[in-house]
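Novice: Residue numbers (this note's numbering), protein chains in the order written: chain A, 702 to 859; chain B, 15 to 447. We treat Cβ as the ideally placed atom computed from N, Cα and C, and that holds for glycine. All figures in this text were calculated on a predicted structure; none of them were measured in a lab.
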Amino acid sequence: MVNQEIKQKIIEIIEKYKREKEKLVMVLLDVQKLTEFNYIDREWVNIIAEELDIPYTKVYDVLTFYSMFSTKPRGKYIIEICKSAPCHVNKSKEVVAIFEEVLGIKMGETTEDKIFTLQYTSCIGACDISPAVKIGEKVYGNLTKEKIIEIIKEYRGV
Amino acid sequence: MQKTLNIITENVGQIRPDSVDEYIKIGGFEALKKAITMHPLEVIEEIKKSKLQGRGGAAYPTGIKWEQAYYVDKNPKYIICNADEGEPGTFKDKVILDYLPLRLIEGMTIAAYILKSPKGFIYIRGEYPESQRIVSSAIKEAEKMGYLGDDILGTGFSFHIEVLSGAGAYVCGENSALVESSEGKSGRPRIKPPFIKNSGYLGMPTLVNNVETFACVPYIVKEGGEKFAGYGTEFSGGTKLVCLSGNVKNRGVYEVPFGTTLRELIYDIGGGLPEGRKLKFVQLGGSSGPCIPESMLDIKICYKDLKVKGLTLGSGAILVVDDSNCIIDFLKCITEFFYHESCGKCTPCREGNKQLLALVNKFINGSATYNDLETIKKVGQIMKEAAFCGLGETAATAHLSLIKYFEEEFVEHINKKCRANICNFGGDKDGKR
Numbered sequence: 702m703v704n705q706e707i708k709q710k711i712i713e714i715i716e717k718y719k720r721e722k723e724k725l726v727m728v729l730l731d732v733q734k735l736t737e738f739n740y741i742d743r744e745w746v747n748i749i750a751e752e753l754d755i756p757y758t759k760v761y762d763v764l765t766f767y768s769m770f771s772t773k774p775r776g777k778y779i780i781e782i783c784k785s786a787p788c789h790v791n792k793s794k795e796v797v798a799i800f801e802e803v804l805g806i807k808m809g810e811t812t813e814d815k816i817f818t819l820q821y822t823s824c825i826g827a828c829d830i831s832p833a834v835k836i837g838e839k840v841y842g843n844l845t846k847e848k849i850i851e852i853i854k855e856y857r858g859v
Numbered sequence: 015m016q017k018t019l020n021i022i023t024e025n026v027g028q029i030r031p032d033s034v035d036e037y038i039k040i041g042g043f044e045a046l047k048k049a050i051t052m053h054p055l056e057v058i059e060e061i062k063k064s065k066l067q068g069r070g071g072a073a074y075p076t077g078i079k080w081e082q083a084y085y086v087d088k089n090p091k092y093i094i095c096n097a098d099e100g101e102p103g104t105f106k107d108k109v110i111l112d113y114l115p116l117r118l119i120e121g122m123t124i125a126a127y128i129l130k131s132p133k134g135f136i137y138i139r140g141e142y143p144e145s146q147r148i149v150s151s152a153i154k155e156a157e158k159m160g161y162l163g164d165d166i167l168g169t170g171f172s173f174h175i176e177v178l179s180g181a182g183a184y185v186c187g188e189n190s191a192l193v194e195s196s197e198g199k200s201g202r203p204r205i206k207p208p209f210i211k212n213s214g215y216l217g218m219p220t221l222v223n224n225v226e227t228f229a230c231v232p233y234i235v236k237e238g239g240e241k242f243a244g245y246g247t248e249f250s251g252g253t254k255l256v257c258l259s260g261n262v263k264n265r266g267v268y269e270v271p272f273g274t275t276l277r278e279l280i281y282d283i284g285g286g287l288p289e290g291r292k293l294k295f296v297q298l299g300g301s302s303g304p305c306i307p308e309s310m311l312d313i314k315i316c317y318k319d320l321k322v323k324g325l326t327l328g329s330g331a332i333l334v335v336d337d338s339n340c341i342i343d344f345l346k347c348i349t350e351f352f353y354h355e356s357c358g359k360c361t362p363c364r365e366g367n368k369q370l371l372a373l374v375n376k377f378i379n380g381s382a383t384y385n386d387l388e389t390i391k392k393v394g395q396i397m398k399e400a401a402f403c404g405l406g407e408t409a410a411t412a413h414l415s416l417i418k419y420f421e422e423e424f425v426e427h428i429n430k431k432c433r434a435n436i437c438n439f440g441g442d443k444d445g446k447r
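1) Flag cysteine 437 (chain B) as yes if its beta-carbon sits less than 8 Å from any beta-carbon of chain A, otherwise no.
2) Name, please, each residue of chain B whose Cβ falls closer than 7 Å to the Cβ of tyrosine 767 (chain A).
3) Using the Cα positions of isoleucine 417 (chain B) and phenylalanine 424 (chain B), report the straight-line distance between them to the nearest angstrom.
4) For the region 780–855 of chain A, list the alpha helix (DSSP H) runs that are entirely contained and at least 4 residues long, ordered along the chain.
5) Can you tell which of B:Val335, B:Leu373, B:Thr326 and B:Asp336 has its C-alpha closest to the C-alpha of threonine 349 (chain B)?
6) Taking a cut of 7 Å between CB atoms, which residues from the region 738–759 of chain A lie near chain B?
7) DSSP three-state label for alanine 97 (chain B), please.
8) Any Cβ of chain B within less than 8 Å of the Cβ of valine 763 (chain A)?
9) Does any CB atom of chain A fall closer than 8 Å to the CB of glycine 394 (chain B)?
10) Run through DSSP, which three-state label would serine 771 (chain A) get?
11) At what residue ranges does the region 158–235 of chain B contain a whole run of the alpha helix (DSSP H), taking only runs of 4 or more?
12) Can you pull the DSSP bridge partners for tyrosine 137 (chain B)?
13) Can you look up threonine 275 (chain B) in the DSSP assignment and give me helix, strand or coil?
14) Compare the C-beta of asparagine 333 (chain B) against all C-beta atoms of chain A and say whether one is closer than 8 Å.
15) Cutting at 8 Å between CB atoms, please list the residues of its own chain near isoleucine 836 (chain A), excluding the five before and the five after it.
16) Which residues in the same chain as tyrosine 84 (chain B) place their Cβ atom closer than 8 Å to its Cβ, once the five residues preceding and following it in sequence are excluded?
17) Straight-line CA distance for glutamate 60 (chain B) to alanine 191 (chain B)?
18) For threonine 383 (chain B), which of B:Glu176, B:Ile428, B:Ile38 and B:Glu197 has the nearest alpha-carbon?
19) Chain B partners of lysine 815 (chain A), CB-CB under 9 Å?
20) When the Cβ atoms of the region 768–775 of chain A are set against those of the region 735–752 of chain A, are three or more pairs found closer than 8 Å?
21) Does any CB atom of chain A fall closer than 8 Å to the CB of lysine 199 (chain B)?
22) Aspartate 444 (chain B) to proline 208 (chain B), Cα distance in whole Å?
23) Quick one: Cα of lysine 708 (chain A) to Cα of serine 196 (chain B), how far?
24) Excluding the five sequence neighbours on either side, which residues of its own chain have a C-beta within less than 6 Å of the C-beta of alanine 229 (chain B), listed in chain order?
25) Starting from glutamine 67 (chain B), follow its DSSP beta bridges and name the residues at the other end.
26) Closer than 8 Å by C-beta to glutamate 810 (chain A): which residues in its own chain qualify, once you throw out the five before and the five after it? Chain order, please.
27) By Cβ distance below 8 Å, which residues in the same chain neighbour phenylalanine 135 (chain B) in space, the five residues on each side in sequence not counted?
28) List, in order along the chain, the chain B residues whose C-beta lies closer than 7 Å to that of phenylalanine 770 (chain A)?
29) State the beta-bridge partners of aspartate 336 (chain B) as determined by DSSP.
30) Can you name the residues of chain B whose CB is closer than 7 Å to the CB of isoleucine 825 (chain A)?
31) Quick check on the DSSP output: what are the complete alpha helix (DSSP H) runs of length 4 or more inside the region 341–408 of chain B, in order along the chain?
32) Alpha carbon to alpha carbon, how far is leucine 320 (chain B) from proline 307 (chain B)?
33) Who are isoleucine 306 (chain B)'s beta bridge partners in DSSP?
34) Measure from the alpha carbon of leucine 287 (chain B) to the alpha carbon of each residue in B:Phe272, B:Arg69 and B:Asn264, then state which is nearest.
35) When the cut-off is 8 Å and only beta carbons count, does asparagine 449 (chain B) lie next to chain A?
36) Answer yes or no: does any C-beta atom of chain A fall closer than 8 Å to that of lysine 108 (chain B)?
What follows is the structure, given as C-alpha cells:
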C-alpha cells in the first residue's frame, strides 16, 4: 500500500517542477529526501511515472543510472568516503578501515540503528583536504582516527 | 617574479558571493554593459583575439565555438554551463561557483546576448549541493537588480538561468551526455553528428561551455582580448586555474599564467613534497590523464607544448604522487573508477574496463605474466581508438603512460615484488582486497 501522505508529497514535488518531464532527475533527488531512509521505493517510481506520463521503465532506467540514487533504504546519515585518486594517495584506505572499525559495519552496509550507511563516492572536490568524506551535505577533510571518532559522536548526539 | 595571478579569481573570498552590489564595486557587470553596446561579432572577435580555449578539458577555441553558434540559423538557442566538474582531482570550478558565481552569470549573459538566447542552465554536479544553493541565490539577486531575467538593463533582451543538479555520473561531463541529463534522462552520450551546436537541448542549437571559460569572458570583454592573451604563451592565451593535489604540501587551486612549468608549480607554488618523500610521478588532467616521471617536470603548462609531447592538461588537475605509493595499486584505483563510471553503451569501454580491472588485479595478487602486460597495452590501445566517447577513449591513458615510463615496476610485480610494500602477493585476506 502506498502511503497517501507520501503520494501527496511526491505530487507536490512534481508540481514544483511544473510537471516538466525534463525535471525527472530533479524530482527524483527531491523524492529521495522525503524520508529519513534516503531511498526511492518502487511504489513511488510508479507514482512518478504516472504523474509525469513517462514509462515506468524509463524512470527506473534513470533511477538506476545515477549513483546518488538508491532503491534500498539506507541510514539517516550517509557517510560517503571519497574513492578518487587524490584521496587514495593520501591513504583513504586507512580512513575506510577506521570508519568500519568505529561503526562495526563494512562498506556498503547500514548500522543496526539505521543511523549510518557507509559507502564510497566519486571525487567530492575536496582534494585540498584529502582524505575526505561527505556526510549528508557536509564535507570533512584531513581525517585522523581521533577526528573520525569525534565526528561520529557528534552525529550520534543529534 | 610573481608566480600566481588573479585575472579570473580576483576578489575570491572578499565579497559576498551572491551580492550584486559588492560585485559591482569590484567592476562587476561592466563587461555586460559594454557588450550590449557592441555588435555580437565584435565581442566574438575579442574572444578570438584572447586565444581563450575551452577550460573543461577539450581546449576547443572559444571564439570559434561562439562564432559557429552565432551563425546557426535556428531558434531558440540554449546556453548550458558545464559545472559537472567530475574529473577526479579537479576542484577549480567549485571556487568560481562558491565565491564568484556572478562572474559566471555575467559571462553566460554576454553569450546569451550575442546568441539572442532566452534560456540557460547551469548544470552543477550533485556532489556540490552547497554550490547549487549559492549559485541559485546569485541568480535571484542578479534578476532582482536587472542584470538577468526580463528586459536586462533596459535593452528589451531577456535571459533566464536555471540551476540543474547532476546525480552522480562522471560521463555527464561529456557535452552530449550533459545535454541528455539536462533533459532529465540517463546521461548516455549521443551519436554525433548532429552536433550539440546544431541540435542540443530539446533538439535546438546549444552552446555548452565550462564554468571557467564563461568566467574568463567578462575580463576579455572589459580589458580586450589582446591583454588577456598577453598573460599566456604564444599558443595558449590567459591564465589557467590548476588544482594541485596529492602528496604535496600546499594543496589547492592556483591561477597561473600559461607557460608556468610543472616544476615551478609543484615546488615553488606547491611547496614541494612532505618531508622525506620523493616524487614518483605526476598525473595530469585527472584520472583520464597521463602519468609522467620526475624527469619531465620542466614542461610548460601550454596546450601546444603538452600536445607535442603527447600529453594533455585536461581540466587542470595536477596530482602529485610520492614513492610511498605503488604504481599498480594506484592503477587499480583508477581502473575501478572507470569500471564503475562506464555507461555501458559501447563495447570497447564496457568490456575493456572490465578486462583492464581483471588484468590489474592479477598484478596485485601475483598471478600476472608478461603476456598480461602486453594484453593491457593491446586492450588500452583498442579502447583509445574504438570507444564511443571521451570516457572510453581516455580510460586507459594512465595504464599506457605508466607502462611507458614505469614498465620496471610491472615486471617486478610479475616477479611478486612490490617496492612500496603495498601489494600482498600471498593472496591472503589483505592481498585480495
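Specialist: Checking against the coordinates, here is how it stands:
1) No, because no Cβ of chain A sits closer than 8 Å to the Cβ of cysteine 437 (chain B).
2) The contacting residues are Ala181, Gly182 and Ala183.
3) 7 Å
4) 786–789 and 793–804
5) B:Leu373
6) none
7) If DSSP states are grouped into helix, strand and coil, alanine 97 (chain B) belongs with the strands.
8) Cβ-Cβ to chain B under 8 Å: yes for valine 763 (chain A).
9) So no, glycine 394 (chain B) is outside the interface.
10) In the displayed model, serine 771 (chain A) falls within coil according to three-state DSSP, outside both helix and strand.
11) 189–196
12) B:Asn96 and B:Leu178
13) strand
14) First, the residue type needs correcting, since residue 333 (chain B) is leucine and not asparagine in the sequence shown. Answer yes: the Cβ-Cβ gap between leucine 333 (chain B) and chain A drops below 8 Å somewhere.
15) Tyr778, Ile779, Ile780, Glu781, Ile852 and Tyr856
16) Pro54, Leu55, Ile58, Ile128 and Leu129
17) 30 Å
18) B:Ile428
19) Against chain B, a Cβ distance below 9 Å from lysine 815 (chain A) picks out nothing, because the smallest value is about 22 Å.
20) yes
21) yes
22) With a pLDDT of 47 at aspartate 444 (chain B), under the threshold of 50, the predicted position of this residue should be treated as unreliable, though the coordinate-derived value follows. Their backbone Cα atoms lie some 50 Å apart in a straight line.
23) 25 Å
24) Ile22, Ile110, Arg117, Leu118 and Gly121
25) B:Pro75
26) Thr818 and Leu819
27) Tyr92, Ile93, Ile94, Cys95, Ile175, Glu176, Val177, Leu178, Ser196 and Tyr215
28) Chain B residues near phenylalanine 770 (chain A): Ala181.
29) B:Leu293
30) Glu141
31) 341–355, 361–379, 384–400 and 404–408
32) Taking the straight line joining both Cα atoms gives about 14 Å.
33) B:Val296
34) The option with the nearest alpha carbon to leucine 287 (chain B) is B:Asn264.
35) Lying outside 15 to 447, the shown extent of chain B, residue 449 (chain B) is not represented and no answer is given.
36) yes
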